[in-house]
Structures are given as structure tokens and as C-alpha cells.
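The opening position of the sequence shown corresponds to residue 0 in numbering that gives the first Met the number 0, with each subsequent residue numbered one higher.
Idealized CB from N, CA, C, for every residue including glycine.
Down below is the structure, laid out as C-alpha cells.
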Amino acid sequence: MTDDEFLHPNCESDTHRPRVSRRLLLAGSAAAGVAATAGCSSDTEGETTTEPGSTQDSVTTADTVFVFNTGDRSMSVIDVSSDKVVATHDLGLTASFPANQYAPELTDEATDPLWLNVDSGVRAVAVGSLSEVAAVETGSGANWQEVTPDGSHLVVSAREPAHEQFRIDADPNTDSFGSVTATIDRADEGGRGDNEGPGPCDVTIHLDGEYAYVPDLYGDTLTVVDIGTFEIVRQVDVAPVVGAAAAPWMGTAGPDGERLLVEHNEGAAGTESIWDTTDPAVPEEVGRLTSDDGLGEHPLTSEIGPDSAIGYVFTPGTNDVTVLDLDNGTVTDRLDVGGSAFVGTWGPNHEKLYVPVQSSDEVKVIDHERRAVSTTISVGSRPYGATAGLIRPTEGALESEQSPRENLQRQLSETGTTYCIGNCACGHQL
0 MTDDEFLHPN CESDTHRPRV SRRLLLAGSA AAGVAATAGC SSDTEGETTT
50 EPGSTQDSVT TADTVFVFNT GDRSMSVIDV SSDKVVATHD LGLTASFPAN
100 QYAPELTDEA TDPLWLNVDS GVRAVAVGSL SEVAAVETGS GANWQEVTPD
150 GSHLVVSARE PAHEQFRIDA DPNTDSFGSV TATIDRADEG GRGDNEGPGP
200 CDVTIHLDGE YAYVPDLYGD TLTVVDIGTF EIVRQVDVAP VVGAAAAPWM
250 GTAGPDGERL LVEHNEGAAG TESIWDTTDP AVPEEVGRLT SDDGLGEHPL
300 TSEIGPDSAI GYVFTPGTND VTVLDLDNGT VTDRLDVGGS AFVGTWGPNH
350 EKLYVPVQSS DEVKVIDHER RAVSTTISVG SRPYGATAGL IRPTEGALES
400 EQSPRENLQR QLSETGTTYC IGNCACGHQL
């Protein structure tokens, strides 16, 4: 697979327009058996889903994981205590990289937002009603975002063609909630080859909430942004070890403030770097892992355990999750998840890691204490992104049905798509 195929899989090179399934169109006459995707063809049948926002003020207090199904733009709601799906809710949009680093602890009121990457920007839905409460267009179809630990700011990386950083007011209690408060235009930095910018790809935020780390896919740099002043304070050149370019593209800051993992689209199989962030403004690379060290193929994203001693790297090229000892900088295990898993999220108590497996319509639950898959949960069609919270809408609010005609219209719509690296980017225009 070439780099272009991995960044833009299944796309028609000339238009990037959705491929509408003939089977879907035929099903419209019967308004039954409909299956569609966020721009991709799928053989997985859609589930009956629900209408958002039916009980705006009624919520259930419970640790919850939200899984976004790219196949039918629905969301599966998982109860953490039982590891069962309580409902699959029709949002009419989907997200591949929702903000999930600090979101689980910040979503404890009905009006608290879940931030999602949708179409050519980011959107927020209120966790209590799942209704849209904010939307920002970025000028790019490839967006990543993360909320600061205090919930005050959302930092966004908008890759090509925008090559821009955004800071957005993420506090729903302010008058300026959902508005852009600062930007950094990075296009003039240029990028490798014919790329017209450095390709800011992903964003992760240090525990102190003062600094954001941005891996630059086409700039081969790790950029440090001061969130308060919203200025670049440092750029670290990242050297390749197995390929022509280091191509850093994803990153995760550890909960102890001293570790950072960065994924690289480097060489044929990808690499993983470990960084020291004891001085958060001056990150230093302390190790790089390759397939020769036991790393799985195509590392895409990662999560770090609550003790910051263990890292979990999602390696969809080998259908597994690579487990790292961060103190020793070694691979200790590879957990088979039975298909392509690109991202994951911790439950609110950080005891279990939830891993959507897009190719099997499942979520694998990894028990952190045992470093093993403990449960498999069936969810909606082609799950990709996930985040968590402390509350959710009541089951009654999640159970109201959408008419077959509305369901068909939604699935045929070209809106509500999301950009997925490695799988199912077709139909999503950058």
C-alpha cells in the first residue's frame, strides 16, 4: 500500500465523491434492509436507530463509552459497568477522531459537549441530548481536536489544504462557546514534496494544559504550541530511521506529564517514537521502535495507561494492538483484535480500553491490569472513533424510532461524513 492509498483509501482519485450503493437505492422502494456508509460501500445491514434530542433534560449518570459507526452514521452507547450496548442512536453524522483525552472526566453535565470531526470542520453535540450545539468550519476535511484538561479550550489541527491550527472556546457556560478565539496559519512553512504546508496531523495536550503537541506529517517536525498565547514556541526536527522521511502524524501525551508517544507513517510498516516531556516546552525523543523491535504494522494512534508505564499502539496493518513498556522502551506483547482497529478510548475510570474494530463491527475491551482482551461487544456498522463520558441520555431518549424514509434520506445524504486514515476515506473530500 502506498502512502497516498493509506491517507486516502478507497477514493476515486478524480472527484473524491461518494460511491452510492446500487443495493441501497433499490432498497429505498421497500424502505427496508438499507445499508450505507460515510461515503463507502458496505455489506453490513444497518440497525433501527433513534431520533436525537427527544428528552433534552433527562440523563442517566453512568460511565459510558460512545462509539461512532462510520457505516451508517450512528453511535453505539456502551454501559461501562456491564460492557453492553444500551442503544445505537442515529446521529446523522459520524466521527473518526473525537476528542477523548480529557473528555471522559469533563462530560458530567447534560450540556457538556462531545467534540467530533465531521465534514470540513469540527462539531459539538451536547452529551445529554446529542443535539448539535456548535460547529466550526476549518477549510479542511482532515481535522483532529483535543480539549484542555480544564475544558476551557479546544485545539484543532486542520491538515491539507488548510494547514492551520485553531483554538476554540469549549466552555458551554461562556457567551463565546463554540467560537474561534485564535488561529495559526502554517501554510507558509511548506512541506515535503509538493505539499503546500507541513500537514499538522493530530493534536495532544500536556497534563498542565499549557502546551499542545502537533505532529507534522509533511513537515517532519513535532510542533509545540503555547495554548494561552496560541503561538508556536518550539519545533523539533524529527529524523527518519527506516525511511526517507520520519512522517510523524499522531501523538498521545501521557497522564503523568512525562511521556509522549508519536506514531510515524515511516517506511513500509511505520514506526513509533517515545518522548520525554518532563520539560513540557522542550520534548525530547528518547527512543524509536520499528517492526524489527516487534512493533505491529502501520501504527496509527495510541493510548497510554493511567500509570504512564504502559502504552497501547493501534497497529491495524497487523490487526492488533502493540503493548509497550514505556520505561524500558520495548514491545512486550501484541494483542490480536481480529481486524483493523485504528483508535481507542479509555473508560472514565481508566481501567478498560475500548477499541473499535472497523472491519468486524465490534469493540474489543482491553483490561489494563491484565493487559488482555477481556470482552467483545457487537456494535453498529464499521465503527472507528470513540470517546467516553460520565453521563448519557436516558434509554428512553435513545429509543425513539426514525421512519424508514428518513433513514434512507439520511444514508443517501453526502453530509455527516468523517475522514478515516487507513480505511473508508472515500467520499470524504479534503
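For Asp335 and Asn99, the rounded distance between their alpha carbons: Our two residues, Asn99 and Asp335, have alpha carbons roughly 23 Å apart in a direct line.
DSSP bridge partner residues for Gln144 (one or two, in chain order): For Gln144, which the question treats as bridged, DSSP gives the partners Val155.
Straight-line Cα distance separating Gly253 from Thr277: Answer to the nearest angstrom: the Cα atoms are 11 Å apart.
Of the residues Ile77, Leu429, Gly120 and Pro305, the one placed nearest Thr60, counting alpha carbons only: Closest by alpha carbon: Ile77.
Three-state secondary structure assigned by DSSP to Gly286: Strand at Gly286.
Bridge partner(s) assigned by DSSP for Pro305: Per DSSP, none; premise fails for Pro305.
Simplified DSSP assignment, three categories, for Thr317: Here Thr317 sits in helix by DSSP.
Sequence-distant residues of its chain with Cβ nearer than 8 Å to Ile204 (five each side left out): Around Ile204: Gln100, Tyr101, Glu145, Val146, Thr147, Pro148, Val154, Tyr210, Ala211, Tyr212, Ile226 and Ala252.
Endpoints, alpha helix (DSSP H) assigned at Pro103: In the DSSP annotation of this structure, the continuous segment of the alpha helix (DSSP H) that includes Pro103 starts and ends at Ala102 to Leu105.
Which residues DSSP lists as bridging Ile420, in chain order: Paired residue(s): none; Ile420 is not in a bridge.
Span separating the alpha-carbon of Gly256 from that of Asp275: Just so you know, the alpha carbons of Gly256 and Asp275 end up roughly 9 Å apart.
Residue range of the unbroken beta strand (DSSP E) whose run includes Glu136: Segment Glu131 to Glu136, the beta strand (DSSP E) holding Glu136.
Span of the beta strand (DSSP E) around Asp78: Ser73 to Asp78 is the extent of the beta strand (DSSP E) around Asp78.
Residue span of the beta strand (DSSP E) that contains Asp215, given as start and end: For Asp215, the uninterrupted beta strand (DSSP E) run begins and ends at Tyr210 to Asp215, by DSSP.
Helix, strand or coil at Gly395 according to DSSP, with G and I counted as helix: Gly395 falls in the helix class under three-state DSSP.
Contact the segment 64-83 vs the segment 373-384: 3+ CB pairs below 8 Å: Yes, the segment 64-83 touches the segment 373-384.
Start-to-end residues for the beta strand (DSSP E) that takes in Ile231: That run of the beta strand (DSSP E) goes Glu230 to Asp236.
Host beta strand (DSSP E) of Phe67 (start-end): Boundaries of the beta strand (DSSP E) around Phe67: Val58 to Asn68.
Pro347 versus Asp236 - alpha carbon distance: Taking the straight line joining both Cα atoms gives about 35 Å.
7 Å Cβ shell around Glu432 - same chain, five flanking residues per side excluded: Residue 432 is absent from the structure shown; the chain starts at 0 and stops at 429.
Pro247 versus Val241, Gln234 and Val261, residue with shortest Cα-Cα distance: Of the listed residues, the one whose Cα sits closest to Pro247 is Val261.
Beta strand (DSSP E) segments (min. 3 residues) lying fully within the segment 329-396: DSSP runs (the beta strand (DSSP E)) wholly in the segment 329-396: 329-335, 351-356, 361-366, 371-377 and 382-392.
Cβ contact check for the segment 313-330 and the segment 84-91: 3 or more pairs under 8 Å: Touching, no.
For Asp187 and Glu368, the rounded distance between their alpha carbons: Spanning the two alpha carbons is a distance of roughly 46 Å.
Other residues of its chain near Phe229: CB distance less than 6 Å, five sequence neighbours each side excluded: Sequence-distant partners of Phe229 (beyond 5 residues in either direction) whose C-beta falls short of 6 Å from its own C-beta, in its chain, are Arg166 and Ala181.
Three-state secondary structure (DSSP) of Leu113: The answer is strand: DSSP assigns Leu113 an E or B state.
DSSP three-state assignment for Glu4, whether helix, strand or coil: DSSP places Glu4 in helix when its eight states are reduced to three.
Same chain only: Cβ atoms within 6 Å of Thr289, ignoring 5 sequence neighbours per side: Non-local beta-carbon contacts of Thr289 in its own chain, meaning distances under 6 Å to residues more than five positions away in sequence, involve Val241 and Thr270 in chain order.
CB contact flag (Ala371, Val354, <8 Å): Result no, Cβ atoms of Ala371 and Val354 do not sit closer than 8 Å.
Unbroken beta strand (DSSP E) run spanning His297, endpoints: Where His297 is concerned, there is no enclosing beta strand (DSSP E), given that its DSSP letter is neither H nor E.
CA nearest to the CA of Leu92, picked from Val322, Gly384 and Tyr217: It is Gly384.
Limits of the beta strand (DSSP E) - the one that Ile273 falls within: Per DSSP, Ile273 is one residue of the beta strand (DSSP E) stretching across Thr270 to Asp275.
CB contact flag (Val58, Gly127, <8 Å): Between Val58 and Gly127, the CB-CB gap stays under 8 Å.
Proximity to Val121 [Cα-Cα], best of Ala157, Asp174 and Ser130: Ala157 is the residue among Ala157, Asp174 and Ser130 whose C-alpha sits nearest the C-alpha of Val121.
Straight-line gap, Thr416 to Leu429 (C-alpha atoms, nearest Å): Spanning the two alpha carbons is a distance of roughly 11 Å.
For Gly250 and Arg185, the rounded distance between their alpha carbons: Roughly 19 Å between the two C-alpha positions.
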